[in-house]
Amino acid sequence: MDNLADDNIQFDENGICNYYHEYQRAVATQLKTGAEGLHLLDALITRIKEEGKNSPYDCIMGLSGGVDSTYIALLAKQ
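Using the working numbering, the first residue of the sequence shown is number 545, and each one after it goes up by one.
Shown next, in the form of structure tokens:
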């Protein structure tokens, strides 16, 4: 990436962009792994299933919002 494609991208003195640093901070503070991560995932799945009872929909799709995942969502709908 460069600043022509993204006005908000910045590079430090080592050539590493701000998005990498933001990702590393998120991993350090938000990533849950092991038993804790599995427990949280199971709880989320249970909550989603409970809230979706009697809904006409029966699946979950993880989408980034990019062109590829948006197209996949369109195909799934069709």
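Heads up, the beta-carbon is just placed ideally off N, CA and C, and yes, glycines get one too.
Exercise for the section: Compute the beta-carbon to beta-carbon distance between leucine 607 and serine 613, rounded to the nearest angstrom, for a pair I have assumed lies under 8 Å. Expected result: 4 Å
Handout entry: Per DSSP, the bridge partner or partners of cysteine 603
Key = Cysteine 603 is not bridged to any residue.
Problem - Option nearest isoleucine 604 by Cα separation, candidates Gly596, Cys561, Gln622 - result: Gly596
Exercise for the section: If I'm right that lysine 576 touches leucine 584 with Cβ under 8 Å, what's the distance once you round it to whole angstroms? Expected result: 5 Å
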